[in-house]
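Below: one structure, written as C-alpha coordinates.
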(Lines of atoms letter the chains of each structure in order from A; the text may use other names.)
(Lines give C-alpha, C1' and ligand atoms only; values in the text may rest on other atoms or scores of the structure.)
Protein backbone atom coordinates (compact mmCIF):
# COMPACT_ATOMS: atom_id res chain seq x y z
CA UNK A 120 0.00 0.00 0.00
CA UNK A 121 2.88 2.37 0.66
CA UNK A 122 3.93 2.37 -2.99
CA UNK A 123 0.44 3.24 -4.22
CA UNK A 124 0.11 6.07 -1.68
CA UNK A 125 3.53 7.43 -2.63
CA UNK A 126 2.66 7.29 -6.34
CA UNK A 127 -0.66 9.08 -5.75
CA UNK A 128 1.12 11.84 -3.81
CA UNK A 129 3.69 12.18 -6.59
CA UNK A 130 1.13 12.25 -9.38
CA UNK A 131 -1.01 14.99 -7.84
CA UNK A 132 1.88 17.25 -6.89
CA UNK A 133 1.92 20.56 -8.71
CA UNK A 134 5.28 19.85 -10.31
CA UNK A 135 4.14 16.65 -12.02
CA UNK A 136 0.98 18.29 -13.32
CA UNK A 137 2.90 21.37 -14.48
CA UNK A 138 5.35 19.10 -16.30
CA UNK A 139 2.52 17.21 -18.00
CA UNK A 140 0.89 20.46 -19.12
CA UNK A 141 4.26 21.70 -20.39
CA UNK A 142 4.83 18.56 -22.43
CA UNK A 143 1.37 18.77 -24.00
CA UNK A 144 1.74 22.47 -24.80
CA UNK A 145 5.25 21.83 -26.13
CA UNK A 146 4.02 19.09 -28.46
CA UNK A 147 1.28 21.36 -29.82
CA UNK A 148 3.77 24.22 -30.19
CA UNK A 149 6.15 21.89 -32.04
CA UNK A 150 3.42 21.02 -34.54
CA UNK A 151 2.70 24.69 -35.16
CA UNK A 152 6.37 25.51 -35.69
CA UNK A 153 6.83 22.46 -37.95
CA UNK A 154 3.93 23.67 -40.06
CA UNK A 155 5.43 27.16 -40.25
CA UNK A 156 8.76 25.71 -41.31
CA UNK A 157 7.38 23.17 -43.80
CA UNK A 158 4.58 25.26 -45.27
CA UNK A 159 5.82 28.85 -45.09
CA UNK A 160 9.60 29.10 -44.65
CA UNK A 161 11.01 26.15 -46.60
CA UNK A 162 9.13 26.59 -49.92
CA UNK A 163 10.66 30.05 -50.61
CA UNK A 164 14.10 28.78 -49.53
CA UNK A 165 13.73 25.79 -51.86
CA UNK A 166 12.61 28.13 -54.65
CA UNK A 167 15.66 30.36 -54.10
CA UNK A 168 17.87 27.27 -54.31
CA UNK A 169 16.39 26.23 -57.66
CA UNK A 170 13.18 24.47 -56.65
CA UNK A 171 14.82 22.07 -54.20
CA UNK A 172 12.50 20.01 -51.97
CA UNK A 173 14.69 19.31 -48.95
CA UNK A 174 12.82 16.16 -47.95
CA UNK A 175 13.55 14.66 -51.37
CA UNK A 176 17.34 15.10 -51.06
CA UNK A 177 19.03 11.73 -50.68
CA UNK A 178 22.03 9.70 -51.70
CA UNK A 179 21.28 6.30 -53.21
CA UNK A 180 23.63 3.81 -51.60
CA UNK A 181 22.15 0.73 -53.30
CA UNK A 182 19.76 0.76 -56.24
CA UNK A 183 16.51 -1.18 -56.00
CA UNK A 184 16.46 -4.71 -57.36
CA UNK A 185 13.75 -5.14 -60.00
CA UNK A 186 12.78 -8.39 -61.74
CA UNK A 187 12.00 -8.70 -65.46
CA UNK A 188 8.32 -7.85 -64.94
CA UNK A 189 9.19 -4.57 -63.24
CA UNK A 190 8.25 -5.74 -59.75
CA UNK A 191 10.56 -4.40 -57.02
CA UNK A 192 12.22 -7.29 -55.23
CA UNK A 193 14.18 -5.19 -52.75
CA UNK A 194 13.90 -1.48 -52.10
CA UNK A 195 16.71 0.98 -52.66
CA UNK A 196 18.95 1.84 -49.72
CA UNK A 197 19.16 5.63 -49.37
CA UNK A 198 20.80 8.15 -47.09
CA UNK A 199 18.05 10.75 -46.55
CA UNK A 200 20.09 13.82 -45.65
CA UNK A 201 17.34 16.18 -46.85
CA UNK A 202 15.02 14.96 -44.13
CA UNK A 203 17.83 15.54 -41.62
CA UNK A 204 18.25 19.11 -42.91
CA UNK A 205 14.51 19.71 -42.59
CA UNK A 206 14.48 18.41 -39.01
CA UNK A 207 17.51 20.57 -38.18
CA UNK A 208 15.75 23.69 -39.51
CA UNK A 209 12.68 22.77 -37.44
CA UNK A 210 14.81 22.41 -34.31
CA UNK A 211 16.64 25.71 -34.82
CA UNK A 212 13.41 27.63 -35.29
CA UNK A 213 11.73 25.95 -32.29
CA UNK A 214 14.82 26.60 -30.15
CA UNK A 215 14.87 30.25 -31.20
CA UNK A 216 11.15 30.66 -30.42
CA UNK A 217 11.59 29.05 -26.99
CA UNK A 218 14.61 31.29 -26.34
CA UNK A 219 12.58 34.39 -27.19
CA UNK A 220 9.69 33.20 -24.99
CA UNK A 221 11.99 32.57 -22.01
CA UNK A 222 13.70 35.93 -22.59
CA UNK A 223 10.31 37.70 -22.56
CA UNK A 224 9.25 35.92 -19.37
CA UNK A 225 12.55 36.78 -17.67
CA UNK A 226 12.20 40.45 -18.59
CA UNK A 227 8.69 40.47 -17.11
CA UNK A 228 10.03 38.88 -13.92
CA UNK A 229 12.77 41.54 -13.70
CA UNK A 230 10.18 44.29 -14.00
CA UNK A 231 8.19 42.73 -11.15
CA UNK A 232 11.30 42.45 -8.98
CA UNK A 233 12.28 46.07 -9.64
CA UNK A 234 8.98 47.39 -8.27
CA UNK A 235 9.40 48.38 -4.64
CA UNK A 236 7.32 46.20 -2.37
CA UNK A 237 4.50 47.96 -0.57
CA UNK A 238 5.23 48.30 3.15
CA UNK A 239 3.41 45.92 5.43
CA UNK A 240 0.37 47.13 7.36
CA UNK A 241 2.25 46.94 10.65
CA UNK A 242 4.99 49.21 9.35
CA UNK A 243 2.46 51.70 8.00
CA UNK A 244 0.62 51.67 11.33
CA UNK A 245 3.85 52.13 13.32
CA UNK A 246 4.88 54.98 11.02
CA UNK A 247 1.53 56.70 11.59
CA UNK A 248 1.86 56.26 15.38
CA UNK A 249 5.40 57.67 15.29
CA UNK A 250 4.30 60.66 13.21
CA UNK A 251 1.36 61.37 15.51
CA UNK A 252 3.62 61.18 18.59
CA UNK A 253 6.11 63.58 16.96
CA UNK A 254 3.38 66.09 16.23
CA UNK A 255 2.25 66.18 19.94
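Residue numbers (the numbering used here): 120 to 255.
We treat Cβ as the ideally placed atom computed from N, Cα and C, and that holds for glycine.
Beta-carbon within less than 7 Å of residue i's beta-carbon, same chain only, minus the 5 sequence neighbours each way: which residues are those?
{"i": "residue 177", "result": "197, 198, 199, 200 and 201"}
{"i": "residue 165", "result": "171, 172 and 173"}
{"i": "residue 154", "result": "none"}
{"i": "residue 209", "result": "152, 153 and 156"}
{"i": "residue 237", "result": "none"}
Leaving out five residues before and five after residue i in sequence, what residues of the same chain have Cβ atoms less than 6 Å from its Cβ?
{"i": "residue 205", "result": "173 and 174"}
{"i": "residue 191", "result": "183 and 185"}
Assign residue i to buried or exposed, taking buried as 16 or more other Cβ atoms, counted over all protein chains shown, within 10 Å of its Cβ.
{"i": "residue 156", "result": "buried"}
{"i": "residue 250", "result": "exposed"}
{"i": "residue 137", "result": "exposed"}
{"i": "residue 211", "result": "exposed"}
{"i": "residue 161", "result": "buried"}
With residue i and residue j assumed to form a contact (beta carbons below 8 Å), what rounded beta-carbon distance in angstroms separates them?
{"i": "residue 152", "j": "residue 213", "result": "5 Å"}
{"i": "residue 195", "j": "residue 179", "result": "6 Å"}
Between which two residues does the alpha helix (DSSP H) containing residue i stretch?
{"i": "residue 251", "result": "240-254"}
{"i": "residue 176", "result": "Taken as a continuous stretch (DSSP letters only), residue 176 belongs to no alpha helix (DSSP H), as it is neither H nor E."}
{"i": "residue 121", "result": "121-130"}
Apart from the five residues just before and just after residue i, which ones in its own chain have a Cβ nearer than 8 Å to its Cβ?
{"i": "residue 247", "result": "none"}
Starting from residue i, trace the beta strand (DSSP E) both ways and give me its first and last residue.
{"i": "residue 193", "result": "191-193"}
{"i": "residue 85", "result": "This structure cannot settle anything about residue 85, because the visible part of the chain is limited to 120 through 255."}
Of all the alpha helix (DSSP H) runs that stay within the bounds of the stretch 202-228, which reach a length of 4 or more residues? Listed in chain order, nothing qualifies, since the stretch 202-228 has no complete alpha helix (DSSP H) run of 4 or more residues.
Ranges of the alpha helix (DSSP H) found wholly within the stretch 143-167, counting only runs of at least 4: Counting only runs of 4 or more, we get 161-167.
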